[in-house]
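Under UniProt numbering, the residue at position 362 of the sequence shown is numbered 362, and the numbers go up by one with no gaps. C-beta: ideal position from N, C-alpha, C; glycine also. Because the structure is a prediction, the values reported are computed rather than measured. Shown next, in structure tokens, is the structure this report addresses.
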Amino acid sequence: MSALTITAAYGLTWAPVLRPAIQRTHSPKMSFNNDPHLELSSSFAFVPTDLHNPASSNVPLQFPPLEAPSTSSGYPDSVQYPIEAALSSLPTSVDIPIAPAPPFILPPLPSEDSPDATEAYVDPLKGLEQDAEVVQYADEGDGAVRMPRLQQLAVFAIPTLAIWLSSPLLSVIDTAVVGKVCSTAQLAALGPSTKMCDNIAYFASAIGAATTNLAADAFASGHPNKAHRIVGGSLTIALGLGFAIAVGLRMAATPLMTTMVGASSAAAIAPAAQYTAIRALGYPAALTTMVLQAAFLASKDATSPLIALPLVAGANLLGDLILVGPMKMGAAGAAFATIAAQFVNAAVLLVLWKRKVVKGRITAAAVSAAYDPAADPDTVTDKVDRRVRVMTVPSPQEAVTLAAFIAPMMLAIGARSYMGIAMAAAVASLGTVSLAAHQVVECLYWLFSPFGDAVSLSVQAFLPTLLKRSAVVSKRLQGLALRGAAALSVFAGASGAALLVGAPGLFTTSATVSAVLGQVAPLLGVSLVGYVITGALEGALLARRQLRLLAASHVFNTAVLAFGVRRVLAGGGGLRQLWSAMAMLNFARIAEFAWALRRAERQSDEAAAAEAEAIEAKRRTDEQQQHLVFAP
Numbered sequence: 001m002s003a004l005t006i007t008a009a010y011g012l013t014w015a016p017v018l019r020p021a022i023q024r025t026h027s028p029k030m031s032f033n034n035d036p037h038l039e040l041s042s043s044f045a046f047v048p049t050d051l052h053n054p055a056s057s058n059v060p061l062q063f064p065p066l067e068a069p070s071t072s073s074g075y076p077d078s079v080q081y082p083i084e085a086a087l088s089s090l091p092t093s094v095d096i097p098i099a100p101a102p103p104f105i106l107p108p109l110p111s112e113d114s115p116d117a118t119e120a121y122v123d124p125l126k127g128l129e130q131d132a133e134v135v136q137y138a139d140e141g142d143g144a145v146r147m148p149r150l151q152q153l154a155v156f157a158i159p160t161l162a163i164w165l166s167s168p169l170l171s172v173i174d175t176a177v178v179g180k181v182c183s184t185a186q187l188a189a190l191g192p193s194t195k196m197c198d199n200i201a202y203f204a205s206a207i208g209a210a211t212t213n214l215a216a217d218a219f220a221s222g223h224p225n226k227a228h229r230i231v232g233g234s235l236t237i238a239l240g241l242g243f244a245i246a247v248g249l250r251m252a253a254t255p256l257m258t259t260m261v262g263a264s265s266a267a268a269i270a271p272a273a274q275y276t277a278i279r280a281l282g283y284p285a286a287l288t289t290m291v292l293q294a295a296f297l298a299s300k301d302a303t304s305p306l307i308a309l310p311l312v313a314g315a316n317l318l319g320d321l322i323l324v325g326p327m328k329m330g331a332a333g334a335a336f337a338t339i340a341a342q343f344v345n346a347a348v349l350l351v352l353w354k355r356k357v358v359k360g361r362i363t364a365a366a367v368s369a370a371y372d373p374a375a376d377p378d379t380v381t382d383k384v385d386r387r388v389r390v391m392t393v394p395s396p397q398e399a400v401t402l403a404a405f406i407a408p409m410m411l412a413i414g415a416r417s418y419m420g421i422a423m424a425a426a427v428a429s430l431g432t433v434s435l436a437a438h439q440v441v442e443c444l445y446w447l448f449s450p451f452g453d454a455v456s457l458s459v460q461a462f463l464p465t466l467l468k469r470s471a472v473v474s475k476r477l478q479g480l481a482l483r484g485a486a487a488l489s490v491f492a493g494a495s496g497a498a499l500l501v502g503a504p505g506l507f508t509t510s511a512t513v514s515a516v517l518g519q520v521a522p523l524l525g526v527s528l529v530g531y532v533i534t535g536a537l538e539g540a541l542l543a544r545r546q547l548r549l550l551a552a553s554h555v556f557n558t559a560v561l562a563f564g565v566r567r568v569l570a571g572g573g574g575l576r577q578l579w580s581a582m583a584m585l586n587f588a589r590i591a592e593f594a595w596a597l598r599r600a601e602r603q604s605d606e607a608a609a610a611e612a613e614a615i616e617a618k619r620r621t622d623e624q625q626q627h628l629v630f631a632p
């Protein structure tokens, strides 16, 4: 074969043929001085070709035989072959490359705010398959998914813990002052009465839980005005419910305390009923405070509510020292001091929340005014301040959304509240000494249990955003929260038990009561360990909206505890056996919630896989349709 003939048919139209020549050697030039884009030169070149229509000629063209590769075009690695075209009298040579250039791949440039991006980058030329965890870390470093660090969670959880300590702190102050100044009967009266008041408020905390979750979701979605409306609607509901509880509890205080205390502790019935009737007046302020604290936590602001905490504790302590001490009002004086502190707390938080809302809207209005030539920046603050309403009437849709969250949470919290009331009623049948000791133990239990509640609220604040973006990072956050809760549980349990053993004189002057406290101390520590660990699991379930499952679990646990309490009393058991039942129940809840969380994760993974499969099927369908449209 002396020559290679390539024939190109273009119909009746002559078309010139360009001769692309690609060099075999590659020397890309990259300039990053002024232009961020990559500039490549000396890699591609075109040989000049005459584009004029040649004159028609019937003279046959003679082509020499193929010889050694020609270098006349200036490209040593190219081989020139003539083309014999049927409709063209102009022979045109085409440079055919010997070898194509390999792809030139640049690694992605790490962003300034992602220091781990360089470490997370994996060279694609080293392998086509990458581990899922490596990809996840790369995405996290690039800013796509960023898990909160332990320091961030601690900065959020510590103030949250202080917020949750405010309510049990009031009960501890009341217990300490009454126990040191008044008789054992007065101290025993605080047991059922504070349990009733605190558990009713705890029952209403479902509104706060709904506010935290729904408002946090709105903030995470970039809708602050919607979050403010959720908080305003929750405040309206909380205030109305607070007035209703105040009226009802004040009327039912005496029969409730008579039933709970019983004939075995008859001396405590009158002061317990008086304390309950007075504490009922503070429910509007208590529920308002609860919603406002939830609102701050939903906006990931756990420091603002701390401003009110010293004022609240100071007001309560000062009131107890004056009313219980010199004025000799006993349990009634402690109740008045507590409701005064609750109104101080609500007033301070209302001022802080309105200031926060106004500041956010001023910022948004200022941004809008910057793009509006007719806007007057000097009047932005006044207009926003006049329009802001902290409390709003929820729309029907907002009310339905709140009710859908509040209803199962009220059932769950109501079951837990009944659990505490049943314990107090059972202890009351054991006599005044056991009732007084139980009051001290339970105060310490609720004083240290907020360690678990703080972890739970931290998970509820941070997890919803991660659930929308990465299942892997969400599970990693849950594991981090669980490890943190385990560490905090040891501290809480050891601290509670140490106070009962080492400093019983802080709560009572009775040697008999102190002896009972020493017997129950280890069981208090074990109960606190179980409660705090459960908080991390429960927070993850709430963030995943597993409300019905939680409600069913709490109802079941309450029924089990009620059955256990009856068996203990029937068998002649005492306070130590009752707290043993509480400790076992808390560890049973760990197993229940761990199983429920695994189930929720599996359901989420299956839903994500189904969604990905549907997206892939749609992509394939679109590609097939495009192929049919553009097919010849």
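Taking the beta carbon of Trp-510 as the centre, do at least 16 other beta carbons fall within 10 Å, making it buried, or is it exposed? The residue asked about is misnamed: residue 510 is Ser in this sequence, not Trp. The residue is buried, with at least 16 neighbouring Cβ atoms inside 10 Å.
Specify the secondary structure class of Arg-469 as computed by DSSP and reduced to three states. coil
Where Ser-166 and Ala-608 are concerned, what is the direct C-alpha to C-alpha distance, given to the nearest angstrom? 41 Å
Rounded separation between Ile-278 and Ala-610 - CA only: Answer to the nearest angstrom: the Cα atoms are 57 Å apart.
Return the chain-ordered list of same chain residues with a C-beta closer than 7 Å to the C-beta of Leu-292, the five sequence neighbours on each side being excluded. Leu-349, Leu-350, Trp-353
Check Ala-302 in the structure and name its three-state DSSP category. coil
Short check: CB of Ala-184 to CB of Ala-436, under 8 Å? Reading off the sequence shown, one finds Thr at residue 184, where the question assumed Ala. Closer than 8 Å, so yes.
Alpha carbon to alpha carbon, how far is Lys-468 from Met-260? Give it in angstroms, no decimals. 47 Å
Between Val-433 and Val-565, is the Cβ-Cβ spacing less than 8 Å? no
Could you tell me the alpha carbon to alpha carbon distance between Ala-246 and Lys-475, rounded to whole angstroms? The alpha-carbon atoms of Ala-246 and Lys-475 are separated by roughly 42 Å.
Just how far apart, CA to CA, sit Ala-218 and Ile-307? 25 Å
Test item: CB-CB of Ala-551 and Pro-408 under 8 Å: yes
Nearest-angstrom beta carbon gap, Thr-558 and Met-419 [assumed within contact, 8 Å]: 5 Å
Exposure of Gly-282, with buried meaning 16 or more beta-carbon neighbours within 10 Å: buried
DSSP-derived helix/strand/coil call for His-228: helix
Nearest-angstrom Cα separation, counted from Ala-315 out to residue 673: Because residue 673 is not part of the residues shown, which for the chain are 1 to 632, the question remains open.
Do you know whose CA, among Val-344, Pro-504, Ser-395, Arg-619, lies nearest Leu-514's CA? At residue 514 the sequence reads Ser, which differs from the Leu that was named. Ranking the options by Cα distance to Ser-514, first place goes to Pro-504.
Expressed to the nearest angstrom, what Euclidean distance is found between the alpha-carbon atoms of Phe-336 and Gln-603? 50 Å
Write down every uninterrupted run of the alpha helix (DSSP H) in the region 192 to 227 whose length is 4 residues or greater and which is fully enclosed by it, in chain order. 206 to 220
Grab me the residues of Leu-235's own chain with a C-beta within less than 7 Å of its C-beta, minus the 5 sequence neighbours each way, in chain order. Thr-288, Val-291, Val-390, Met-391
Could you compute how far the alpha carbon of Thr-512 sits from the alpha carbon of Pro-255? 30 Å
Measure from the alpha carbon of Ala-427 to the alpha carbon of each residue in Val-568, Glu-592, Asn-586, then state which is nearest. Checking the sequence, you will find Val at residue 427 rather than Ala. Of Val-568, Glu-592, Asn-586, the residue nearest in Cα terms is Val-568.
In angstroms with no decimal places, state the Cα-to-Cα distance between Ala-422 and Ala-487. 30 Å
With Gln-152 as the anchor, note down where its alpha helix (DSSP H) starts and where it stops. 150 to 181
Could you check whether Ala-157 and Ala-454 sit closer than 8 Å to each other, using their CB atoms as the reference points? yes
Taking Gly-414 as the reference, give the member of Gly-262, Ala-206, Phe-451 with the closest Cα. Ala-206
Measuring alpha carbon to alpha carbon, tell me which residue in Gly-502, Met-196, Thr-211, Thr-338 is nearest Ala-273. With distances taken between Cα atoms, Ala-273 lies closest to Met-196.
Member of Asn-199, Phe-203, Val-441, Asn-213 whose CA lies at the smallest distance from the CA of residue 637: What is shown of the chain runs 1 to 632, which leaves residue 637 out entirely.
Candidates Ala-570, Tyr-531, Leu-297, of which the one nearest Val-430 by Cα: Per the sequence shown, residue 430 should be read as Leu rather than Val. Closest option to Leu-430, Cα to Cα, is Ala-570.
Distance, Cα to Cα, Gln-625 vs Ser-456? One C-alpha to the other measures close to 49 Å.
Rounding to the nearest angstrom, what Cα-Cα distance links Gln-186 and Ala-285 in this structure? Here the alpha carbon of Gln-186 sits roughly 26 Å from the alpha carbon of Ala-285.
Runs of 3 residues minimum, wholly inside the region 557 to 615: which ones carry the beta strand (DSSP E) assignment? none
Can you check which of these residues, Gly-191, Gly-208, Val-178, is closest to Ile-163 by C-alpha distance? Gly-208
Cα-Cα, which of Gly-572, Tyr-275, Leu-537 is closest to Arg-599? Leu-537
For the candidate residues Ser-221, Leu-190, Gly-539, Ala-591, whose alpha-carbon lies nearest to that of Ala-210? Gly-539
Determine the burial state of Thr-199: buried for a count of at least 16 other Cβ atoms within 10 Å of its Cβ, exposed for fewer. It should be noted that the sequence gives Asn, not Thr, for residue 199. The residue in question, Asn-199, is buried, as its Cβ has 16 or more Cβ neighbours within 10 Å.
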